[in-house]
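K.L.:
If you count the sequence shown from 1, position 183 lands on 953 in our numbering, and the numbers rise without skipping.
Shown below is the structure under consideration.
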Amino acid sequence: MQNPAIRLKAAGLKFQSVGPIDLEVAAGRCLAVSGPSGAGKSLTLKMIADLVPHEGDCLVDGVSAMSISGPAWRRQVRYVSSEPGWWAPTVGGHFADAAAQGDNLQRLFLDPSLLDAAPDRLSTGERQRMAFLRAIEDRPKVLLLDEPTSALDPVSAKALEALVKERMAQGCVVVLTSHDPEQVERLADSVMTLARPT
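Written as structure tokens, this is what we have:
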């Protein structure tokens, strides 16, 4: 039986030469995944999100990813790439309620008019921030943040981190990859270091 304080648990995750990986993260905590390039940091997040075929299993609040559909799993376990995909003709079309984003847009220094723009008209940093807001709109239980501020200036990065901390205060689990050691220090409660596969 899973400890009720443990919101996310992964056991035996393995894909190609990455893994097996075991981890546990309590509600409201952040785990940073570190390691050299090629160690499988992004792949680890994708395995947790069930976006690639893999061995092992993940559980959220004791419920196994294998017991529910992929889309249902990803509604509660959200992977956020450093350069996410876009499918609607406008940025606002990616939100259930774009009009409700006003406060968060302001906090991330984003002009509301960007919601009416095509995604490719935004800068990389603007797309990163919009993708983060898209990811947290329906309040998933787990956020998998893959270099979430790689294209942001320090002020914008810290503004996004403030929203991450708010989600954690509400019980969200965060698993983070970041090349910024100061960001890891600000956000992470623990660090898991991966070795480059041999």
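C-beta: ideal position from N, C-alpha, C; glycine also.
Nothing here was measured: the structure is a model prediction, and the numbers come from that model.
Taking 8 angstroms as the cut-off, does the stretch 939-956 touch the stretch 909-929 (at least 3 CB pairs, one atom from each stretch)?
P.N.:
The answer is yes - the stretch 939-956 touches the stretch 909-929, with three or more Cβ pairs under 8 angstroms.
K.L.:
Along the beta strand (DSSP E) that carries residue 836, what are the first and last residues, could you check?
P.N.:
Here residue 836 belongs to no beta strand (DSSP E), and DSSP marks it neither H nor E.
K.L.:
Quick check on this structure: which residue in 932, 856, 821 and 941 has the alpha carbon closest to the alpha carbon of residue 890?
P.N.:
Comparing Cα positions, the closest option is 856.
K.L.:
Quick check: the Cα distance between residue 808 and residue 967, rounded to an integer number of angstroms?
P.N.:
Using only the alpha carbons, I get a separation of about 8 angstroms.
K.L.:
Candidates 877, 819, 786 and 827: which alpha carbon is nearest residue 925's?
P.N.:
The candidate whose alpha carbon is nearest that of residue 925 is 877.
K.L.:
Looking only at its own chain, which residues have a Cβ that is under 8 angstroms from the Cβ of residue 950, when we skip the five neighbours before and after it?
P.N.:
Closer than 8 angstroms at Cβ, skipping near neighbours: 919 and 927.
K.L.:
For residue 802, list the residues DSSP reports as bridge partners.
P.N.:
946 and 961, per the DSSP bridge assignment.
K.L.:
Note down, in chain order, each residue of its chain lying with its Cβ closer than 7 angstroms to the Cβ of residue 817, except the 5 sequence neighbours on either side.
P.N.:
Within the same chain, residue 817 has close Cβ partners 783, 785 and 824.
K.L.:
My output table needs one value for residue 913: the three-state DSSP class, helix, strand or coil.
P.N.:
Residue 913 falls in the strand class under three-state DSSP.
K.L.:
Work out the CA separation of residue 904 and residue 789 for me, nearest whole Å.
P.N.:
Roughly 30 angstroms between the two C-alpha positions.
K.L.:
Let me confirm a value: residue 896 is counted as buried when at least 16 other C-beta atoms fall within 10 Å, else exposed. Which label applies?
P.N.:
Flag for residue 896 reads buried.
K.L.:
Please list the terminal residues of the continuous beta strand (DSSP E) segment that includes residue 879.
P.N.:
Run containing residue 879: none; DSSP gives neither H nor E here.
K.L.:
So, using beta-carbon positions, are residue 885 and residue 862 closer together than 8 angstroms?
P.N.:
In contact: residue 885 and residue 862 (Cβ atoms closer than 8 angstroms).
K.L.:
How many Å lie between residue 771 and residue 779 at the Cα?
P.N.:
With a pLDDT of only 43 at residue 771, under the threshold of 50, the placement of this residue in the model should not be trusted; the figure read from the coordinates follows. Rounded to whole angstroms, residue 771 to residue 779 spans 12 angstroms at the Cα level.
K.L.:
Kindly indicate which three-state DSSP category residue 782 falls into: helix, strand or coil?
P.N.:
Residue 782: strand per DSSP, three-state reduction.
K.L.:
Suppose you measure from the CA of residue 899 to the CA of residue 841; what does that come to, to the nearest Å?
P.N.:
One C-alpha to the other measures close to 23 angstroms.
K.L.:
Give the single residue among 965, 937 and 803 whose Cα lies nearest to the Cα of residue 958.
P.N.:
Nearest of 965, 937 and 803 to residue 958, Cα basis: 803.
K.L.:
Evaluate residue 965 with the Cβ neighbour count: other Cβ atoms within 10 Å of its Cβ, from every protein chain shown; 16 or more gives buried, anything less gives exposed.
P.N.:
Under this definition residue 965 is an exposed residue.
K.L.:
Would you kindly work out how many angstroms separate the C-alpha atoms of residue 864 and residue 858, rounded to a whole number?
P.N.:
Near 6 angstroms, if we compare the C-alpha coordinates of residue 858 and residue 864.
K.L.:
Is the CB-CB distance between residue 845 and residue 916 below 8 angstroms?
P.N.:
No.
K.L.:
Cα separation between residue 822 and residue 882?
P.N.:
Distance between the alpha carbons of residue 822 and residue 882: 34 angstroms.
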